[in-house]
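See below for the structure under consideration.
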Amino acid sequence: MSSASSMPPLPAFPPGFLWGASASAFQTEGAADTDGKGPSGWDAFAARGRIKDGSDASRGTGFHERYREDVALLAGLGADAFRFSVSWPRVVPGGSGPVNAAGLGFYDRLVDELCANGIAPAPTLYHWDTPLPLDEAGGWLNRDTAYRFADYVSAVADRLADRVPLWITVNEPAEVTLLGYALGEHAPGKQLLFDALPAAHHQLLAHGLGVAALRAAGATNIGIAVSHSPVRAAGTSEEDRFGADLYDTLTNWLFADPILTGAYPDENVAALMPGPVAEDLAVIAAPLDWYGVNYYHPMLVGAPAQDALGDFAGVGMPAELPFGLRETPSEERTAFGWPVVPDGLREMLVHLKDRYGDRLPPVYITENGCSYDGLDDRRRITFLDAHLRALHRAIGEGVDVRGYFTWSLTDNIEWVEGASQRFGLVHIDYATMERTPKASYAWYRDAIAAQHAVRPR
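Note that the sequence shown covers residues -2 to 454 in the numbering used here.
In structure tokens:
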């Protein structure tokens, strides 16, 4: 299949730049009740009929059984690293208490398989699949969940730290807070609006406790994956600017500021957080080796409006909130309807550098990708090419970026969208689980090979 060889080659990235692809446990593993795995909040949410296209999320893409096949696909790409997630309820089915040896053994085998193929394992320790007993006890509204997370992290690190060169504590706490606890569109389905803020604080605390647990187990090269989007005001009115600024605070700086500066960005927000906030912030701000950025598109935000369009994972904002989302202008949109704005990645990275200066550690792009249909997915190739060029421009402007993970290796269960949105370089036939590389797979393979030829790994 063509790799769009007519496109000019990418510029050379810095020596040692890491090229990878990503996945998560709930979206790919399947085997929902195999080898002692316990249910997650997402398993229960899906069982309530919350997957829009009716897909059987419990099957995933069959990764639990076919991981060797997917590792071979990574090897065929020439990938330097694979970002996957460890399923907390597969390792600790009750959320606390005994470790499931069979569940942990799966990740032991996966890490060995990756290492045998020269691919660096980059596990994410929390990618949204909270063990159901913890969800039922309050989930991230409950401070104890952060301490149970640290216990689970210790068990994983004790087993894998000798072979894992890159660790990610928590993925996208903003999405868990907003979609899971404020708006109820994702698991656990709570609609608390601003009363969801404790879920943000406890995820941040879990991150800090997780960093300490990893370091105690001898793990190194630790980071976090945080979603970031440039936020633009929909108009010039005071209401529009206020709405955009508040949204920017809640989705970008509410998470980055505590991690990188040890303080919340707004004293009013800080006052809504539970527990001994000052002491917690000292834990949350534990020094990191790197900082992960997930980027998909900018956000256009203004005052609440009856005709405001949902643009946060397709979700509109309730009228009670003091901001509304608008449709970001863009000539190109993905199959998900998301605007394609490659320079937003450069813009966001430069903004992070300017905001944090020396407090911003080296950066990895831990997610960037798009949903398009078809095997001859030229629009995905154009998307990836443009975003990588924008990333290169950010490096030229002084942002220390060390690697790039595209989302995702294969098509997967896209949370409430089910199998309807296809983000993968590799097509999944959900009836047979057959894997078929797309044109974008060949393009990314050739792009990585060209980079390795210029800058040998």
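Heads up, the beta-carbon is just placed ideally off N, CA and C, and yes, glycines get one too.
- Setting aside the 5 residues that flank it on each side, residue 317 is surrounded in the same chain by 190, each with a C-beta closer than 8 Å to its C-beta; the list follows chain order.
- When only Cα atoms are considered, residue 357 and residue 250 end up about 13 Å apart.
- Assignment of residue 363 by DSSP, reduced to helix, strand and coil, places it in the strand class.
- Bounds of the alpha helix (DSSP H) holding residue 198 are 194 to 213.
- By the Cβ neighbour-count rule, residue 451 is exposed, with fewer than 16 other Cβ atoms within 10 Å of its own.
- Residue state for residue 219 is assigned as strand, using DSSP reduced to three classes.
- Taken in chain order, the whole alpha helix (DSSP H) runs of length 4 or more contained in the segment 345 to 391 number zero.
- The beta carbon of residue 214 sits closer than 7 Å to the beta carbons of 151, 154, 155, 158 from its chain, once the five residues preceding and following it are set aside; these are given in chain order.
- Taking the Cα positions, residue 9 is about 40 Å away from residue 149.
- Our two residues, residue 127 and residue 173, have alpha carbons roughly 11 Å apart in a direct line.
- Sequence-distant partners of residue 243 (beyond 5 residues in either direction) whose C-beta falls short of 7 Å from its own C-beta, in its chain, are 319, 320.
- Short of 7 Å from the beta carbon of residue 100, and not among the five residues preceding or following it, lie these beta carbons of its own chain, in chain order: 32, 33, 34, 87, 88.
- A distance below 7 Å between beta-carbons, with the five flanking residues on each side excluded, links residue 108 to the following residues of its chain, in chain order: 118, 157, 160, 161.
- In this structure, residue 42 sits near residue 186, with a CB-CB distance shorter than 8 Å.
- Spatial neighbours of residue 164 in its own chain (CB-CB distance under 6 Å, excluding positions within 5 residues in sequence) are listed in chain order as 211, 216, 219.
- Between the segment 357 to 371 and the segment 392 to 404, the count of Cβ pairs shorter than 8 Å is three or higher; the stretches touch.
- DSSP places residue 164 inside the beta strand (DSSP E), whose first and last residues are 164 to 168.
- In the DSSP assignment, residue 264 falls within the alpha helix (DSSP H) that extends over 264 to 268.
- Shown here, residue 151 sits in a helix according to DSSP, grouped into three states.
- The segment 190 to 202 makes contact with the segment 260 to 280; the number of CB pairs closer than 8 Å reaches 3 or more.
- Here the alpha carbon of residue 426 sits roughly 13 Å from the alpha carbon of residue 63.
- Residue 324 is a Cβ neighbour of residue 297, given a cutoff of 8 Å.
- Selection 120, 258, 138, 79 evaluated against residue 203 yields 138 as nearest (Cα-Cα).
- The Cβ atoms of residue 134 and residue 81 do not sit closer than 8 Å to each other.
- Counting only runs of 4 or more residues that sit fully inside the segment 81 to 132, the alpha helix (DSSP H) segments are 85 to 88, 98 to 113, in chain order.
- Taking the Cβ atoms as the reference, residue 227 lies roughly 38 Å from residue 110, outside the contact range of under 8 Å.
- In this structure, residue 282 lies near residue 255, with their beta-carbon atoms less than 8 Å apart.
- Straight-line measurement puts the Cα of residue 98 at about 30 Å from the Cα of residue 183.
- Between residue 372 and residue 436, the C-beta gap is smaller than 8 Å, which places the two residues in contact.
- A residue is called buried when at least 16 other Cβ atoms come within 10 angstroms of its Cβ; residue 168 meets this threshold and is buried.
- When beta bridges are read from the DSSP output, residue 336 appears opposite 330.
- Put simply, the backbone Cα of residue 47 is about 23 Å away from that of residue 92.
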